[in-house]
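S.K.: One structure, as structure tokens, below. Some questions next.
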């Protein structure tokens, strides 16, 4: 749901965003280089999903794209913008397009990007974190024959380690061995919302790709003040379009939405995910009129 207090025509003006983050593009043709994936990488991802409900690939995404987005997110954070506004820029959509070969292998050739946009900059502060324990989809996400309706991808733009809040998951085989449903154990106080004792930490270098089935339970670790730097990341959700849309509009990875649609999706995300983290009461619109170096 879009927050009326955030509606402002200046949000859809590319000129202000170009002043704020001059090395990123809007409305151009950001170069799309696909992830460097070999047959071994594709098999590793598919096997990980089947056996454990998650996979982790080493850095396979273009280093220049990853660094540009990392710096862009830091600039947004410094200026007071929620990190999800990185999606006004073409490079955020180029990242989605770079994942297309992997998505096609895992979801089938008919797939699209879901309008579930988010990004994080977790500072190196004791206790700082991303989202608490949750599942991206409540309900069935995998069907007979191992057919995935949806998948979540998570891309660290800076190294994500044990000291700055790397992702943590409960592997499927671990959850199946529990004496009761995980949420029941949490509700009864037998396990915490972030059950570290049964969770698996997934440190990942910048440009890596993590992915999981959408019913996998996962959460952000907590940062420490002595961490080498912030945890900076983007989440991308995709769907097999043979199924009815989980959310609309579905987005073709090779056809980024226009500027107004990008802004609308970002504002909708702010309303949707206010339950997961604190959203500011106002946006720093005035920074769009400033010149940055």
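In our numbering, the protein residues as written are 7 to 299.
Each residue gets a CB set at the ideal place from its N, CA and C atoms; glycine is no exception.
The structure presented is a predicted model; accordingly, all values stated were derived computationally and were not measured.
(1) So what does DSSP say about residue 32, is it helix, strand or coil?
(2) When we look at the beta-carbon of residue 254 and count the other beta-carbons within 10 Å, is it buried (16 or more) or exposed?
(3) Indicate the three-state DSSP secondary structure (helix, strand or coil) for residue 10 in the structure shown.
(4) By the DSSP assignment, the alpha helix (DSSP H) with residue 122 in it spans what residues?
(5) Just reading off the alpha helix (DSSP H) that residue 105 is part of, what are its end residues?
(6) Specify the secondary structure class of residue 189 as computed by DSSP and reduced to three states.
(7) According to the neighbour-count rule (16 or more other Cβ atoms, all chains shown, within 10 Å of its Cβ), is residue 92 buried or exposed?
(8) Identify every run of the alpha helix (DSSP H) within the segment 245-290, keeping only runs that are complete inside it and at least 4 residues long; order them along the chain.
(9) Between which residues of its own chain and residue 38 is the CB-CB distance below 7 Å, once the five residues before and five after are set aside?
(10) Out of 136, 295, 173, which one is the CA nearest neighbour of residue 209?
(11) What is the rounded straight-line gap between the Cα of residue 18 and the Cα of residue 283?
(12) Which class does residue 44 belong to by DSSP, given the choice of helix, strand or coil?
(13) Return the bridge partner residues of residue 243 from the DSSP annotation.
(14) Among residues of its own chain, excluding the 5 on either side of residue 268, which ones have a beta-carbon nearer than 7 Å to its beta-carbon?
(15) For the alpha helix (DSSP H) holding residue 180, just list the boundary residues, first then last.
(16) According to the Cβ coordinates, are residue 108 and residue 41 closer than 8 Å?
(17) Shortest alpha-carbon distance to residue 126 belongs to which of 206, 164, 200?
(18) Go ahead and label residue 296 buried or exposed: buried means 16 or more other beta carbons lie within 10 angstroms of its beta carbon, across all protein chains shown.
(19) Taking Cβ positions, are residue 143 and residue 175 nearer each other than 8 Å?
(20) Are the CB atoms of residue 118 and residue 258 within a distance shorter than 8 Å?
(21) Where residue 85 and residue 116 are concerned, what is the direct C-alpha to C-alpha distance, given to the nearest angstrom?
M.R.: Put simply:
(1) coil
(2) Residue 254 sits exposed, since fewer than 16 C-beta atoms from the chains shown fall within 10 Å of its C-beta.
(3) For residue 10, the predicted model reports a pLDDT of 41, less than 50, meaning its position is unreliable and no value from the coordinates is stated.
(4) Premise fails: residue 122 is in no alpha helix (DSSP H) and is neither H nor E.
(5) Where residue 105 is concerned, there is no enclosing alpha helix (DSSP H), given that its DSSP letter is neither H nor E.
(6) Three-state DSSP puts residue 189 in a helix.
(7) buried
(8) Runs of the alpha helix (DSSP H) inside the segment 245-290: 265-278.
(9) The beta carbon of residue 38 lies closer than 7 Å to those of 100, 103, 104 in the same chain, with the five residues before and after it left out.
(10) 173
(11) 24 Å
(12) Coil, per DSSP.
(13) 158
(14) 93, 94
(15) Where residue 180 is concerned, the enclosing alpha helix (DSSP H) stretches over 178-182.
(16) yes
(17) Among 206, 164, 200, the Cα nearest to that of residue 126 is on 164.
(18) Residue environment: residue 296 is assigned as exposed (fewer than 16 neighbouring CB atoms within 10 Å of its CB, all protein chains considered).
(19) no
(20) Between residue 258 and residue 118, the C-beta gap is smaller than 8 Å, which places the two residues in contact.
(21) Those two C-alpha atoms are separated by around 39 Å.
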